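**Q** First the structure, then my questions, so here it is.
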């Protein structure tokens, strides 16, 4: 084992050893994007003048003026131009530079050009350089063998390597390859102690590379090459040295390729090669991986079927290309055709009803009757498309799927045979193992090979102890999960499991709970948060999550109202659509999805975990977000613990109620998976017979339970029905072909700065300013003092619930520390609890983190005496109080409302709750959040005096929105609106603060 270094100190010292590995003036133009006003023919293109080949040339048409220009890829300090003219040269021309390719400035001009090779000393800064030729010396056009620009890049373009996919020839201990791409000062990649060694980065698309920065640890390379490739097979050197200096080497280079690697050929020490950072600068062409979005997401026109599509065949499964040729019959008289495909997008109108998969995007407009996509279509099972002719008539609609997986090469005992994973290790590829077969073919084949016991295990959790189990309760550490996945690959049929946990508001970057997001109502941001969680989970192979909630919170005393979407059903629907689509990575489950588990059916926001009280009218309101989830493509729904007095009077909880589950199947038309909540083992057989497909969290090794008994007491047809659904979604997710994540490199791509910024934005936008008597934003002088007090000020965990955690290891700050950090920028002193002559007291109060049961007595939704006393104490001293209210459920705040100079509601704001609050206090942004519920004026608006949480003691209707202190007439109006399918106005009742309040 090599020596242990003082990592952070060594990194700081190395940053001071900046070495430029080339002279200041280098050739910048070779291989860069070059364009011209014209070309003489196809053999004399503009690029021929910057290709470094003296035998190729650019030549223009035979007229004046003409120009040729090169994009250097970044702003450069330009000090030399070399023009190698062919015989057709310019007698008068100008050299010009530009920052944007539109506005040009001269840095050289002549009217006496002599042709031949002209070496010009110039001086200027710009990204674009052009030769503007105004007078020809011959009767031909202008012709250049080489157009060379020399200088030094000032800005080499964007950093395009950070957090990208990476691999290496080897790594030492925990110093993974991805550590060299994470931007962190305390992590590094180090290789084994031998030559040669390499580290390779996938830049994600064709890239133009202008600069490479190597930040070496003490074990550096004396000899190495920087190479690029388009396929990881053929490599082109763009920098070679045998005199590497270590420290920080900044290399001005010129190259193109999707992949780049550092190939170490000679070590400077007896150790391996070790890089704190491998940074690549330039640009990445995303047009090859992203579809052109030439329209908003749009429904198909009503006049389809006027002419016919011809290829691919309807329902075709494309397994050989990501760019299938599309063709259609000509429409008489049409001159142009628009091609529309339901590509995945992140900018759907999530507030609009309708299936996301039925929204189309114009991706092309062509003159002929065929089109080949210009981008690599991602794996998905339901691509729909149609064509619109120039006269407005539309073709029929067809659909196809694309599935071209890159099989994982993991040492798990499973061989690749005929291009597929030999999961049962018999040397042949069965239909279920062949990814080129349709999903239903694979399902039917595998189901026919399984024993009754193997089928039953697919309905259970605890894969860590039972490798044949279909599910695993997460989250688990990356390597632990990987080891469990390896064990499942070793079972008779090699069926993978899905790991799902209660990371309901983020995996390794925790964002606000859904009730807080409902205060912000930024649905595109909700999508991005779901997508962020999906990306983090895919890094390590965690392919499921037990969320989001599709609940409308109409009962104040329901503890889990904090996890729901507020009391507006339309807001709930929009949020659920966005989160499901983000977690799936599109409008349907696909090989890049995380499986969302929408809960708690049939809507525990209308009563809680004991009893749901909606009736034939109010059920309509609570179904809205569940229907929205299905419109977003959700295929897994979790029934909760509560029964329903309407759907199954006197019956059991939803998970083992045949009537409640039948309503989901028959009335909502749900065909996907039903996964119970965590039921006792004695309920599992009943739940399966009632129609539940997966026993949530169920351990098949539980005392008093056996798989044999389960098989004996659940009909084979019911098990087959359930397991068919399980297998179908596993095939749709590509798990049989790519079951693993990357336990070595994946964790280094958690909690990136971009992810933190999303969580911070979500926290900021949810912050709700209920009251402000002018104390906010803080207007303090340097040297002024403030106090931060209250139990939530240092309670890091108050931001979050379940297993979406506060991540101190990534630098997350609690309320006190965040205010200290922001105040330091303003020169303001912050004291905890008490301090000299404070100008303001920030008092952080509310409930600590909880899950099923509230932190305080459930029937007492108001500040306890000790927290109230903190506010009162500062107010009695004449110190203005800004209350930071961590409010996970509606509180009664009437008792202290008038004592506060300002009230900011943070909700459960995620791990950026503290920084977002601090920024609001100091005026970095204006609050924009609005209450997602009404706040009761008095406890009597919720509960009879001395009452408990039962329907008989309630003074609010648990199933109605906006009814705190409402009159019977108002409640009848709310019901009438719901019955008519309308969203009720939020103006009913007499709350202290209405729904939507916020300054």
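Residue numbers (UniProt numbering): 1 to 999.
Cβ coordinates follow ideal geometry from the N, Cα and C atoms, glycine included.
Predicted model only: the values in this text are computed from it and were never measured.
1. Return helix, strand or coil for residue 901, following the three-state DSSP convention.
2. Taking three-plus beta-carbon pairs below 8 Å as touching, is the region 299-307 in contact with the region 261-269?
3. Label residue 893 either buried or exposed according to how many other C-beta atoms from any shown protein chain fall within 10 Å of its C-beta, with 16 as the threshold for buried.
4. In three-state terms, what does DSSP make of residue 668?
5. Look up residue 635 in the DSSP assignment and say whether it is helix, strand or coil.
6. Starting from residue 515, follow the alpha helix (DSSP H) in both directions and report where the run begins and ends.
7. Please report how far the alpha carbon of residue 348 lies from the alpha carbon of residue 608, in whole angstroms.
8. Using the DSSP secondary-structure output, state which residues sit across from residue 215 in a beta bridge.
9. By the three-class DSSP mapping on this structure, what secondary structure does residue 934 have?
10. Name, in chain order, the residues that DSSP records as bridge partners for residue 71.
11. Output the boundary residues of the alpha helix (DSSP H) element that contains residue 530.
12. In whole angstroms, what separates the C-alpha of residue 108 from that of residue 133?
13. Could you check whether residue 176 and residue 277 sit closer than 8 Å to each other, using their CB atoms as the reference points?
14. Using CA coordinates, which residue listed in 485, 824, 322 is at the minimum distance from residue 543?
15. Residue 449 by DSSP, collapsed to three states: which one?
16. Measure from the alpha carbon of residue 407 to the alpha carbon of each residue in 493, 537, 741, then state which is nearest.
17. What number of angstroms, rounded off, separates the C-alpha of residue 193 from the C-alpha of residue 744?
18. Closer than 7 Å to a non-hydrogen atom of the ligand ATP - does that hold for the CB of residue 575?
19. Hey, out of 804, 199, 195, whose CA is closest to residue 161's CA?
20. Give, in chain order, every unbroken run of the beta strand (DSSP E) that is at least 3 residues long and sits entirely within the region 832-863.
21. Can you say whether residue 890 is buried or exposed, counting buried as having 16 or more other CB atoms within 10 angstroms of its CB?
22. If you draw a straight line from the alpha carbon of residue 579 to that of residue 802, how long is it in whole angstroms?
23. Report the rounded CA-to-CA distance for residue 433 versus residue 699, giving the unit in angstroms.
24. Distance check for residue 984 and residue 996, CA to CA, integer angstroms please.
25. Measuring alpha carbon to alpha carbon, tell me which of 327, 421, 283, 884 ends up nearest residue 212.
26. Identify the residues that DSSP records as bridge partners of residue 298: which are they?
27. Flag this pair as touching only if the region 814-822 and the region 906-920 have three or more C-beta atom pairs under 8 Å; answer yes or no.
28. Using C-beta distances below 6 Å, list every residue in its chain close to residue 814, excluding the 5 sequence neighbours before and after it, in chain order.
29. For the beta strand (DSSP E) holding residue 756, just list the boundary residues, first then last.
30. Does DSSP put residue 1006 in a helix, in a strand, or in coil?
31. Which partner residues does residue 498 have in the DSSP bridge list?
32. Would residue 637 and residue 611 be called neighbours here (beta carbons separated by less than 8 Å)?
33. Examine the Cβ distances between the region 577-592 and the region 528-544 and report whether three or more of them are shorter than 8 Å.
34. Could you give the residue range of the alpha helix (DSSP H) that holds residue 785?
35. To the nearest angstrom, how far is it from the Cα of residue 662 to the Cα of residue 596?
36. Can you grab the Cα-Cα spacing for the pair residue 272 / residue 195, in whole Å?
**A** Reading from the atomic positions:
1. Coil at residue 901, not helix or strand.
2. no
3. buried
4. coil
5. coil
6. 514-520
7. Each residue's alpha carbon lies about 32 Å from the other.
8. As a beta-bridge residue in DSSP terms, residue 215 pairs with 248, 277.
9. coil
10. BP columns for residue 71 point to 128.
11. 523-540
12. Approximately 12 Å between the Cα atoms of the pair.
13. One thing to note: residue 277 has its Cβ no nearer than 8 Å to the Cβ of residue 176.
14. 485
15. helix
16. 741
17. 19 Å
18. Absence of the ligand ATP is noted for the structure shown, with no ligands found whatsoever.
19. 199
20. 840-846
21. buried
22. 18 Å
23. One C-alpha to the other measures close to 28 Å.
24. 13 Å
25. The candidate whose alpha carbon is nearest that of residue 212 is 283.
26. 360
27. yes
28. 794, 796, 914
29. Per DSSP, residue 756 belongs to no beta strand (DSSP E); it is in the alpha helix (DSSP H), 753-766.
30. Here the chain has residues from 1 to 999 only, and residue 1006 is not among them.
31. 471
32. no
33. yes
34. Residue 785 -> not in any alpha helix (DSSP H); beta strand (DSSP E) instead, spanning 785-789.
35. 21 Å
36. Each residue's Cα considered, the two are about 8 Å apart.
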